[in-house]
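Participant: Quick note: the sequence shown uses this note's numbering, first residue 27, plus one each step.
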Amino acid sequence: MLTVASDIDVLARFGRALADPIRCRILLALRQAPAYPADLADTLGISRTRLSNHLACLRDCGLVMTAPDGRRTRYELADERLGHALDHLLVAVVAVESDKTCPDAATKDCC
Numbered sequence: 027m028l029t030v031a032s033d034i035d036v037l038a039r040f041g042r043a044l045a046d047p048i049r050c051r052i053l054l055a056l057r058q059a060p061a062y063p064a065d066l067a068d069t070l071g072i073s074r075t076r077l078s079n080h081l082a083c084l085r086d087c088g089l090v091m092t093a094p095d096g097r098r099t100r101y102e103l104a105d106e107r108l109g110h111a112l113d114h115l116l117v118a119v120v121a122v123e124s125d126k127t128c129p130d131a132a133t134k135d136c137c
């Protein structure tokens with residue numbers, strides 16, 4: 027049975043997904059268009075086994091879903107709004123980075 031996750035659970039899952047560079051690359055690729063695992067592995071330059079583990083994590087986080095396509099399985103973002111959220115997040119992060127409002131940013135690699 028599907029349930030609605032709390033705001034904190036949603037943000038924690040999104041944060042977990044974004045905590046790994048490979049998962050970020052997968053999400054950014056799927057934001058452009060749905061893809062098959064073999065094609066994603068080739069595009070990202072990683073093994074299919076490694077990709078499979080990351081896709082499982084993204085599925086468990088509720089961010090991607092599978093769609094059967096004949097004998098193959100296609101992956102796509104679970105909700106098109108996730109693509110928009112990634113776009114907004116990228117713009118917000120770029121704006122923060124260029125602003126450098128954190129006084130320790132240059133010395134501590136923070137922010």
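Glycine included, C-beta positions come from ideal geometry on N, C-alpha and C.
Could you tell me the alpha carbon to alpha carbon distance between Leu112 and Leu54, rounded to whole angstroms?
Facilitator: When only Cα atoms are considered, Leu112 and Leu54 end up about 8 Å apart.
Participant: Grab me the residues of Leu70's own chain with a C-beta within less than 8 Å of its C-beta, minus the 5 sequence neighbours each way, in chain order.
Facilitator: Ile48, Arg51, Ile52, Ala55 and Leu77
Participant: Find out if the Cβ-Cβ distance for the pair Ala61, Arg100 is shorter than 9 Å.
Facilitator: Yes. Within cutoff.
Participant: Find out if the Cβ-Cβ distance for the pair Leu66, Leu89 is shorter than 9 Å.
Facilitator: no
Participant: For a test of the three-state rule: what should DSSP assign to Leu103, helix, strand or coil?
Facilitator: Looking at Leu103 - three-state DSSP - the assignment turns out to be strand.
Participant: Between the Cα of Arg107 and those of Ala93, Leu81 and Gln58, spot the shortest distance and give me the residue it belongs to.
Facilitator: From the listed residues Ala93, Leu81 and Gln58, the smallest Cα separation to Arg107 is found for Gln58.
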